[in-house]
Amino acid sequence: MTRPFNFSAGPAALPAEVLTQAAEEMLDWQGAGMGVMEMSHRGREFMSILAQAQADLRELLAVPDNYRILFMQGGALAENAIVPMNLLGGERAGERRTADYVVTGSWSVKSQKEARKYCDVNIAATTEAEKFTRLPQVSEWQLSKDPAYVHICTNETIHGVEYFWTPDLAAAGLPADTPLVADVSSHVLSRPMDVSKFGVLYGGAQKNIGPSGLTLVIVRDDLLGRSLPFTPSAFDWKTVAENDSMFNTPPTYAIYIAGLVFQWLKRQGGLVAMEAQNKAKAELLYGYLDSSGFYRTTVEADCRSRMNVPFFLHDDALNEAFLTGARERGLLQLKGHKSVGGMRASIYNAMPLAGVQALVDYLREFERSHG
Numbered sequence: 291m292t293r294p295f296n297f298s299a300g301p302a303a304l305p306a307e308v309l310t311q312a313a314e315e316m317l318d319w320q321g322a323g324m325g326v327m328e329m330s331h332r333g334r335e336f337m338s339i340l341a342q343a344q345a346d347l348r349e350l351l352a353v354p355d356n357y358r359i360l361f362m363q364g365g366a367l368a369e370n371a372i373v374p375m376n377l378l379g380g381e382r383a384g385e386r387r388t389a390d391y392v393v394t395g396s397w398s399v400k401s402q403k404e405a406r407k408y409c410d411v412n413i414a415a416t417t418e419a420e421k422f423t424r425l426p427q428v429s430e431w432q433l434s435k436d437p438a439y440v441h442i443c444t445n446e447t448i449h450g451v452e453y454f455w456t457p458d459l460a461a462a463g464l465p466a467d468t469p470l471v472a473d474v475s476s477h478v479l480s481r482p483m484d485v486s487k488f489g490v491l492y493g494g495a496q497k498n499i500g501p502s503g504l505t506l507v508i509v510r511d512d513l514l515g516r517s518l519p520f521t522p523s524a525f526d527w528k529t530v531a532e533n534d535s536m537f538n539t540p541p542t543y544a545i546y547i548a549g550l551v552f553q554w555l556k557r558q559g560g561l562v563a564m565e566a567q568n569k570a571k572a573e574l575l576y577g578y579l580d581s582s583g584f585y586r587t588t589v590e591a592d593c594r595s596r597m598n599v600p601f602f603l604h605d606d607a608l609n610e611a612f613l614t615g616a617r618e619r620g621l622l623q624l625k626g627h628k629s630v631g632g633m634r635a636s637i638y639n640a641m642p643l644a645g646v647q648a649l650v651d652y653l654r655e656f657e658r659s660h661g
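For the working numbering, count along the sequence shown from 1 and bump the result up by 290.
Structure follows, in structure tokens:
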């Protein structure tokens, strides 16, 4: 059976090989006599799954030894609270500290709003007045003198803005130990990243890693143990790290699927190979959109996301006809987010080049018939 091409922003498409293996192992994982969903999270079978997933992820992202990989729950929205709760305590727990946020789209808006419950927030920069169509350079940022951390969202899923550079906080005049915190939900594992330039990376799994329900946190060792006194134990990174992500029952099946995705990525050649594929897909799609007067994009070219491509028809009255025709051709979930309208094609790792070509062919066909 030929599967449709699923352009959902998340939960998103998973590699067919991963789904096939999961289906084959649903009732009996490698002769264990039970499926992964039925296993004790402390049994040797699941412990081996967890250890392999952690090792493969560390290899894929070249995570340094002085960073801990945590598998948590609650998604990136929960981490919007968990981040300040874990970074505002320590020796200065009695102070009302400030955290700096760079606001480049809907998700960093949510992040800074949640953080205000726990600290003073300084908006170091925002492109809201420009409808989040570009990234502000560090030279534009108005940073606090000594923030507890600086937060960015490295890929804005809704607005389609992606960082292809890493801010240098020391060069911007901040103390060398100021943590750079990044929500990497929607582009993690799409290309190599220098983890050592960040204090914390976090993200929901449901875009490039696996199913919803799993949250990834990568945190530098020296940032553990700084939590505020009221931080729930299950959300205290130090507690989670000391218990190897099993202080409470983890999302076992989601970790298992993520582990299969990590192995699939390694078979594809790792993140260097994935970046080449993702560049080719993005260039194909943006190339056609740029050449057409029928469709338009709004994000500046130097920061257009390779993962999430928002675009608009020249006449919004054609939107429903476009979506109906797309579904008839097996091109699914192209409707843009309700907050911005238009269309959005999410072309994560699991989307093959053939899927993007099928979309471009349909874009061309629709333009011919309705232009």
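Here a beta-carbon is modelled for each residue, glycine too, at the ideal position from N, C-alpha and C.
Three-state secondary structure assigned by DSSP to residue i
| i | result |
| --- | --- |
| H660 | helix |
| V650 | helix |
| L603 | strand |
| M564 | helix |
| G494 | strand |
| V393 | strand |
| R586 | strand |
| V485 | helix |
| T310 | helix |
| L621 | strand |
| I700 | Residue 700 is absent from the model: the chain starts at 291 and stops at 661. |
Selection from the options that minimises the alpha carbon distance to residue i
| i | options | result |
| --- | --- | --- |
| Q363 | D511, T447, A524 | A524 |
| G494 | C593, G323, L425, N445 | N445 |
| M597 | K497, D436, P294 | K497 |
| E590 | N639, A466, E452, Y638 | E452 |
| F422 | M641, S595, A548, L377 | S595 |
| I359 | T529, L643, P642 | T529 |
| S582 | G549, Q553, L653, G515 | L653 |
| N412 | Q311, V399, T542 | V399 |
| L347 | G379, D606, L506, K403 | L506 |
| V353 | L603, M483, E532 | M483 |
| T614 | F601, H604, M633 | M633 |
| H477 | A466, V599, V428 | V599 |
| L514 | E532, P522, L479 | E532 |
| N568 | A640, T542, W527 | A640 |
Per-residue burial, residue i [other beta carbons within 10 Å of its own, 16 or more giving buried]
| i | result |
| --- | --- |
| W455 | exposed |
| L649 | buried |
| V562 | exposed |
| K487 | exposed |
| Q623 | buried |
| K571 | buried |
| L643 | exposed |
| G450 | buried |
Extent of the continuous alpha helix (DSSP H) to which residue i belongs
| i | result |
| --- | --- |
| A607 | Premise fails: A607 is in no alpha helix (DSSP H) and is neither H nor E. |
| I545 | 542–557 |
| A635 | No alpha helix (DSSP H) holds A635; the beta strand (DSSP E) holding it covers 633–636. |
| I442 | Per DSSP, I442 belongs to no alpha helix (DSSP H); it is in the beta strand (DSSP E), 440–443. |
| K528 | 527–532 |
| A591 | Counting along the chain, A591 falls outside any alpha helix (DSSP H), and DSSP gives it neither H nor E. |
| M375 | 365–377 |
Presumed contact (8 Å Cβ cut-off) between residue i and residue j, rounded CB distance
| i | j | result |
| --- | --- | --- |
| V345 | Y492 | Sequence inspection shows Ala at residue 345; the Val mentioned does not correspond to that position. In fact, because the Cβ distance is near 20 Å, the residues do not count as touching under 8 Å. |
| S396 | S636 | About 15 Å; that fails the 8 Å criterion. |
| P501 | P301 | 6 Å |
| L608 | H660 | 6 Å |
| H441 | A389 | 6 Å |
| L672 | L504 | Residue 672 falls outside the range modelled here, since the chain spans only 291 to 661, and no answer is possible. |
| G620 | P294 | 4 Å |
| P465 | D512 | P465 to D512, Cβ: 13 Å. No contact. |
| F612 | R586 | That belief does not hold up - the Cβ atoms of F612 and R586 are roughly 14 Å apart, past 8 Å. |
| S517 | N376 | 5 Å |
Start-to-end residues for the beta strand (DSSP E) that takes in residue i
| i | result |
| --- | --- |
| T416 | 410–416 |
| R516 | First-last for R516: undefined, no H or E at that position. |
| V471 | 470–473 |
| F336 | No beta strand (DSSP E) holds F336; the alpha helix (DSSP H) holding it covers 334–351. |
| L360 | 357–362 |
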